[in-house]
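Everything in the sequence shown is counted per the numbering used here, starting at -3 for the first residue and increasing by one. Glycine residues also receive a C-beta, built at the ideal position from the N, C-alpha and C atoms. As the structure is a prediction and not an experimental result, all values here were calculated from the model. First the structure, in the form of structure tokens, and then the observations on it.
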Amino acid sequence: MPRLVRRQPLSERLANFFNPWDFLLWISEEIESSDWAQLEKDWAQPLGFGLNFVFLIARANVATGTSRADYDIFGDDRSRLSVLSWAATFVVHALTWFSLANAFYTFWRKRRYRLFEASIDRTPATPSAQRVKVSSNPMSTSPISYIRNILAGETAESRRHPDPKRDVWEIAVWDPFPLSLRLFCSFSPGHVLVYWLFLPTLPTDPRPSVTIFTTIILALLLTVQMSFLSSSFSQQSK
């Protein structure tokens, strides 16, 4: 008699297929297993240059109130202006949020280490050190766990006397992705702020080309400065 295998109900199969946590777990595994060093070498510079170029063009084409008034006075094609301005505004806001999110993720990501050889009675000098159970799973660096730890606060378990057999010190070390760090150096919120301050040029500006040139020079100086700082820090850590 052939062996009978119980199949999952259709509702369970559909629920597993559309489970968002499985998709997030797959993304997390892909991120951890990717060769970020090679991606950083191949894509960091062209991607950073492309983001700056697209943001510069989009910000320069955002219609100001004065430019809209000029179109209304002279009776030009206002529909074409509105579509172009809407597309440029959408790109500007999308890239602004991308720059902020990348900056937050660059400084927020940490790798945790447990000091099994360190004495549990002696607190490590780093402020990120905390006492955890040996049998507990390493703390994940997800936003949900971060919020949960803030809401939990100090508990009676954390205030008890440390046990060398059950407790161990855990420290968090800054561990950004190489690609995220390089993108932060080339397209940081500082770059975005420079573009927002100087662009688009006003019709009353006597030398708009000088304004655009100054904007590009400031962005380049910011990129070079942050790239040197990042490379110097990497050499020191090695």
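Taking C-alpha atoms, which residue in P42, D38, L47, P199 lies nearest to P98?
The residue labelled residue 98 in the question sits at position 102 within the sequence shown. In the sequence as presented, Pro is not what sits at residue 98; that position holds Asn. Selected option, being the one with the closest Cα: L47.
Range covered by the beta strand (DSSP E) that runs through L111:
Along the sequence shown, read from residue 1 onward, the residue named residue 111 stands at position 115. Annotation: the continuous beta strand (DSSP E) that includes L111 extends over 106 to 111.
Identified DSSP bridge partners for W170
What you label residue 170 is simply residue 174 of the sequence shown in a count that begins at 1. The partner list for W170 (beta bridge, DSSP) reads K106.
Give the C-beta separation of S95 and P202 to the nearest angstrom, bearing in mind that I take them to be a contact with Cβ-Cβ under 8 angstroms.
Along the sequence shown, read from residue 1 onward, the residue named residue 95 stands at position 99. Along the sequence shown, read from residue 1 onward, the residue named residue 202 stands at position 206. Incorrect: roughly 31 angstroms between the Cβ atoms, too far for contact.
Can you round the beta-carbon distance between L218 and V190 to whole angstroms, since I take them to be within the 8 angstroms contact cut?
For the purposes of this step, residue 218 is identified with residue 222 of the sequence shown, where counting begins at 1. For the purposes of this step, residue 190 is identified with residue 194 of the sequence shown, where counting begins at 1. Indeed, because the Cβ distance is near 7 angstroms, the residues count as touching under 8 angstroms.
Any idea what DSSP makes of P123, helix, strand or coil?
Position 127 of the sequence shown holds residue 123. P123 carries a coil assignment under DSSP once its states are collapsed to helix, strand and coil.
Quick check on DSSP: helix, strand or coil for P185?
Position 189 of the sequence shown, counted from the start, is the residue given in the question as residue 185. Helix, per DSSP.
In chain order, what residues of the same chain lie with their CB nearer than 8 angstroms to the CB of I212, ignoring the 5 residues before and after it?
Counting from one through the sequence shown, the residue named residue 212 turns up at place 216. Contacts found: L52.
Cβ-Cβ distance between W170 and A125 below 8 angstroms
Residue 170 sits at position 174 when you count from the first residue of the sequence shown. Residue 125 sits at position 129 when you count from the first residue of the sequence shown. Taking 8 angstroms as the cut-off, the Cβ atoms of W170 and A125 do not count as close.
Beta-carbon separation of V79 and A54 under 8 angstroms?
For the purposes of this step, residue 79 is taken as the residue at position 83 of the sequence shown. For the purposes of this step, residue 54 is taken as the residue at position 58 of the sequence shown. No; because the gap between Cβ atoms is not below 8 angstroms, this pair is not in contact.
Can you tell me the Cβ-Cβ gap for L179 and A40, rounded? I've got them flagged as a contact below 8 angstroms.
For the purposes of this step, residue 179 is taken as the residue at position 183 of the sequence shown. For the purposes of this step, residue 40 is taken as the residue at position 44 of the sequence shown. L179 to A40, Cβ: 7 angstroms. Contact.
Assigned secondary structure, P42 (DSSP; H/G/I helix, E/B strand, else coil)
For this step, residue 42 is matched to residue 46 along the sequence shown. P42 falls in the helix class under three-state DSSP.
Are the Cβ atoms of L111 and P120 separated by less than 8 angstroms?
Locating residue 111 in the sequence shown gives position 115, counting from the first residue. Locating residue 120 in the sequence shown gives position 124, counting from the first residue. Against a cut-off of 8 angstroms, the Cβ pair of P120 and L111 comes out as a contact.
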